[in-house]
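Mapped onto my numbering, the consecutive letters of the sequence shown carry residue numbers 195 to 319. Glycine included, C-beta positions come from ideal geometry on N, C-alpha and C.
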Amino acid sequence: MVERVTATPAALELIQQLQVEHGSIMFHQSGGCCDNSAANCYLPTDLTIGPYDIKLGEVGGVPFYIGKLQYDYWKHTQLILDVIDGHGGTFSLEGASGKAFHTRSRLFTDAEWAQIADQVAHDLA
Numbered sequence: 195m196v197e198r199v200t201a202t203p204a205a206l207e208l209i210q211q212l213q214v215e216h217g218s219i220m221f222h223q224s225g226g227c228c229d230n231s232a233a234n235c236y237l238p239t240d241l242t243i244g245p246y247d248i249k250l251g252e253v254g255g256v257p258f259y260i261g262k263l264q265y266d267y268w269k270h271t272q273l274i275l276d277v278i279d280g281h282g283g284t285f286s287l288e289g290a291s292g293k294a295f296h297t298r299s300r301l302f303t304d305a306e307w308a309q310i311a312d313q314v315a316h317d318l319a
């Protein structure tokens, strides 16, 4: 099955560091309000996941969610969680680390899209 969200080795390393420091964590792909369109990392108690959020998958064993409205724009893409040098989002756990999570994307191929089309229809129902 095609993964709808993946992570680079650098992102997986930072995820592991945050898990050691904080324990259980989660991601939510921001819709652009406060931290642009960043993937923010939270403690599970810091953000309520509701009916307008979709779980895309997991990266490094950590759940990754996106708002349903933003997902509608990005449903044809695989999200790739990466890390860049700089300050993370003001709400994201990596904010003080000197690194920031950064979302990259690529369009699914026709073959990949065919594999996930039923799941996408379910997500948007």
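Asked, Found
"Run through the segment 253–307 for me and flag every whole alpha helix (DSSP H) of 4 or more residues, listed as ranges in chain order.", "262–268"
"Could you spell out the range, first to last residue, of the beta strand (DSSP E) harbouring residue 201?", "199–201"
"Tell me, please, whether the CB atom of residue 279 is closer than 8 Å to any CB atom in chain B?", "Absence of chain B from the displayed structure is noted, only one protein chain being present."
"Does the Cβ-Cβ distance between residue 259 and residue 222 come in under 8 Å?", "yes"
"If you draw a straight line from the C-alpha of residue 270 to the C-alpha of residue 195, how long is it?", "15 Å"
"Quick one: using the 10 Å Cβ neighbour count with 16 as the cut-off for buried, is residue 296 buried or exposed?", "buried"
"Is residue 205 near residue 277, with beta carbons less than 8 Å apart?", "yes"
"Taking the beta strand (DSSP E) that residue 233 belongs to, which residues open and close that run?", "233–236"
"How about residue 245 and residue 220: do their beta carbons lie closer than 8 Å?", "no"
"Count the other C-beta atoms from every protein chain shown that fall within 10 angstroms of the C-beta of residue 218, then say buried if there are 16 or more, exposed otherwise.", "exposed"
"So the candidates are 289, 272 and 298; which of them puts its Cα closest to the Cα of residue 307?", "272"
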